Amino acid sequence: MPGTNAKTLLREMIRIRVAEETVARYYPEQEMRTPTHFSIGQEAVSVGVCQALERTDVAFSGHRCHGEYLAKGGSLLGMFAELYGRVDGCCKGRGGSVHLNDPSVGMVASSAILGETMATAVGSAWAFKMDGQPRVAVTFFGDGVCEEGIFHEALNFAAVKQVPVIFVCANNGLSTNTPLDVRQPKGNQIWKWAAGYGMPSVLIDGNDVFAVYDAAVKAVEHCRSGAGPSFIEATTFRARVHVGFETDDMKGYRFRSREAVEAGMALDPVARATTELVAKGVCTEAEVAAWTEAYERELEEVVAAAKASPFPSPDELLVGTY
Amino acid sequence: MRRLKYHQAISEATIQCMERDPNIFVAGIGVKDAGGMFGTTEEAEARFPDRVHDIPNCENAFAGITIGAAAVGKRPLVVHPRNDFMFLATDMLINLAAKWKYMYQNGTSVPVVTRGVVGRGWGPGATHSQSTHALFGHFPGLYVATPAFPADAKGLLVSALTGDVPVIILENRAVYELEEHVPEEMYSIPFGKARIIREGTDVTIVGASLMAYEAKRAADILSEQGISAEVIDPRSIRPLDEETILASVRKTGHLVVADTSWATYGFAAEVAAIAAEKAFAELRAPVRRVTLPDGPAPVSKPLEDIFHPTPMSIAQACIEVLRTDVQVGHVADVQAAFAGPY
């Protein structure tokens with residue numbers, strides 16, 4: 597949270613990385629029967645922003661929501677039991693991978709339909725403004741959302757009403773498997789679209805967790821001061837396929853070239869932050885290894901607990917309807 | 177007995193709810209225009225100027241914005257002066273609001289209330305005179321109310337603004353000037369509870385929204401010919417009060433369903449299916465649907481005059497179902513006194 601230290605940023609990224617690698621390891625068992633979009637490679641965006649928030653601030657995400665759910669403080673068992681469709685899942689097995697949420701930590705909702713949660717975040721922020729609450733709403737989305745009409749509707753509304761919302765675009769260059777040059781005008785810069793609505797808008801290296809954190813702190817300050825919305829475009833790299841655990845090489849580099857993938861993988865935010873902090877003497881490699889191992893042990897327990905959690909009973913099929 | 181017009185009843189419900197609950201706000205495109213949404217929001221704006229919001233054109237985002245506001249405790253009341261524009265909000269209402277409570281299972285709900293006004297007559301044409309009730313009624317997770325009378329308009333809006341369910345309320349413009357006794361106190365009418373507007377023994381007429389009023393007028397002219405029609409206004413089409421409809425069908429053995437929309441996959445089809453599934457043995461004749469011709473609404477007056485169901489076309493359907501050949505009288509068009517353009 598604000599005042600967070602560099603070690604925490606790295607450690608939080610490792611938590612997400614280990615969690616998702618654990619998902620990847622168990623996914624082929626076909627027991628997590630929910631289409632899953634991995635955040636691996638994009639952890640710096642989730643962690644850098646969420647660490648700049650208070651617990652009372654709220655966050656929304658899209659279909660690739662594991663990173664944000666965990667970064668905002670969502671529980672590992674809530675996520676894993678959800679992937680296994682069990683009653684201990686954060687949605688009790690009714691939401692699945694793309695709908696992770698935990699209102700108790702301010703992770704209000706994730707949604708699979710592009711752009712929906714841009715609008716909901718604006719709505720929460722508008723509510724905070726109406727009530728004079730010094731809270732901030734953040735919405736995470738990808739470059740694909742920026743082509744939707746709702747992107748522009750949400751930015752326009754937020755700018756007109758000057759609500760405390762932070763738009764965080766994790767630009768990984770792909771919408772499913774369609775590259776940017778097929779989808780947006782040549783040379784387009786998403787952050788400039790937002791700047792056109794008169795809000796502060798920055799382009800940052802989304803694989804540099806410290807840069808993300810710094811940008812987020814500024815954006816949060818801006819919002820909390822009552823100065824209205826702001827926008828962060830964070831360039832990043834999706835290390836896995838659109839949906840599923842596989843890496844590009846397992847798919848024969850069908851959608852991205854080997855060179856592009858190798859260049860992207862070289863930007864890995866976890867490795868990068870580790871190298872930087874070790875070089876600066878902030879932490880040691882042994883410390884990082886110890887955190888990783890501790891998370892790995894915890895995750896094995898989480899998987900066991902998730903698998904031991906019961907399925908919802910058939911007579912609960914319609915719980916939550918009316 | 178104090179009488180109110182339909183739009184005045186909506187206004188009164190809005191204000192009484194806003195007085196009780198500071199989290200309620202009213203918003204919509206042009207909501208502060210002169211006239212205040214046909215008289216439904218003007219007084220609310222005068223009383224609570226900070227809680228009535230004009231907004232940019234963004235039906236899609238705005239439906240989501242209200243969901244996000246509701247998720248953190250607000251109670252938005254959205255007004256669409258033309259319900260046809262709600263097609264732009266369908267993703268949010270159907271994919272998110274309707275599924276929220278089930279999909280997230282975390283005890284939160286998003287009780288967004290969306291009012292849409294359905295156009296009728298005076299040439300609003302294909303995109304301004306259709307009703308979205310069957311569309312929204314199809315999806316689990318939304319309540320859809322179709323009040324036809326002032327007292328119901330008030331009570332159903334109070335229910336919507338005090339409940340924890342996303343509600344769509346569709347109000348036909350043609351009933352906006354109807355006037356009847358409306359109790360002054362704040363009261364609620366539950367969803368899923370139909371009202372028998374007129375008791376009868378020969379034929380059951382079910383009609384939602386404007387068609388409840390037209391069915392009542394049809395029953396009046398039928399009664400002049402010695403035919404006793406029972407008229408049922410479901411008041412909400414989801415949840416739908418099947419029991420009241422079925423009890424009436426079992427009594428009369430004949431069913432006519434009138435609707436402001438098309439037959440195919442519509443509200444009339446749903447009521448007919450319920451009767452066929454659950455009261456088949458008691459039906460003494462096939463069910464008849466009185467709906468729109470299977471095309472978009474025209475503008476030209478002679479075409480528009482034959483487009484919408486009328487008391488006469490409903491009465492004629494009853495006569496055919498009953499296999500009699502009486503002639504019914506004529507009543508004036510429901511919008512005969514309407515002065516355009518808006």
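Protein chains in written order, with my numbering: chain A, 597 to 918; chain B, 177 to 518.
From the three backbone atoms N, C-alpha and C, an ideal C-beta is built for every residue, glycine too.
Keep in mind it's a predicted model, so treat the numbers as computed, not measured.
In the three-state reduction of the DSSP assignment, D470/B falls in the coil class, being assigned neither a helical nor a strand state.
Within chain A, no residue has its CB atom less than 7 Å from the CB of V202/B, the nearest being about 12 Å off. Counting only residues of its own chain and dropping the five nearest sequence neighbours on each side, S671/A has a CB closer than 8 Å to the CB of C686 and D698. With a beta-carbon spacing of about 4 Å, N348/B and L386/B fall inside the 8 Å limit used to define contacts. Think of a sphere of 8 Å around the beta carbon of I241/B: the chain A residues whose beta carbon falls inside it are A715, T716, V718, G719, W722, A750 and F753, in chain order. About 5 Å separates the CB atoms of V805/A and L605/A; that is less than 8 Å, so the two are in contact. Buried is the label assigned to E608/A, since at least 16 other Cβ atoms lie within 10 Å of its Cβ. One alpha carbon belongs to N259/B, the other to G689/A, and they sit about 35 Å apart.
With contacts defined by Cβ atoms closer than 8 Å, L696/A and E712/A do not form a contacting pair. Cβ atoms of E749/A and C234/B come within 8 Å of each other, at about 4 Å. Taking the C-beta atoms as reference points, V289/B is found no nearer than 8 Å to L332/B. Ranking D911/A, P760/A, Q626/A and E889/A by CA distance to the CA of D653/A puts P760/A first. Counted as a single uninterrupted DSSP element, the beta strand (DSSP E) harbouring V320/B occupies residues Y319 to A321. 8 Å or more divides the Cβ of V466/B from the Cβ of A448/B. Nearest to I786/A by C-alpha distance, out of D845/A, C765/A, P775/A and S771/A, is C765/A.
CA-CA distance, G663/A to V839/A, rounds to 15 Å. Those residues of the region 681-696 of chain A placed with their C-beta closer than 9 Å to a C-beta in chain B are G685, C686, C687, K688, G689, R690, G691, G692 and H695, ordered along the chain.
Annotation: Cβ neighbours of D267/B in chain A (cutoff 8 Å, chain order): I709 and E712. Under the Cβ criterion of 8 Å, P699/A is counted among the residues facing chain B.
With respect to V683/A, P910/A sits apart: the two C-beta atoms are not nearer than 8 Å.
Under the 8 Å criterion on CB atoms, P232/B is classed as interfacial with respect to chain A. Sequence-distant partners of S399/B (beyond 5 residues in either direction) whose C-beta falls short of 6 Å from its own C-beta are missing from its chain. Just measuring C-alpha positions, the residue of D810/A, A791/A and Y793/A sitting nearest D801/A is D810/A.
Secondary structure of T735/A (DSSP, three-state): strand. For R836/A, the closest of I610/A, S642/A, G719/A and E616/A by C-alpha to C-alpha distance is E616/A.
Within chain A, the residues placing a beta-carbon under 7 Å from that of T284/B are P699, ordered along the chain. Under the three-state reduction of DSSP, I709/A is assigned to coil, being neither helix nor strand. Taking a Cβ-Cβ threshold of 7 Å, the residues of chain A close to A245/B are G719, S720, W722 and A723, in chain order. Listed along chain A are A723 and D727, each with a C-beta nearer than 9 Å to that of G249/B.
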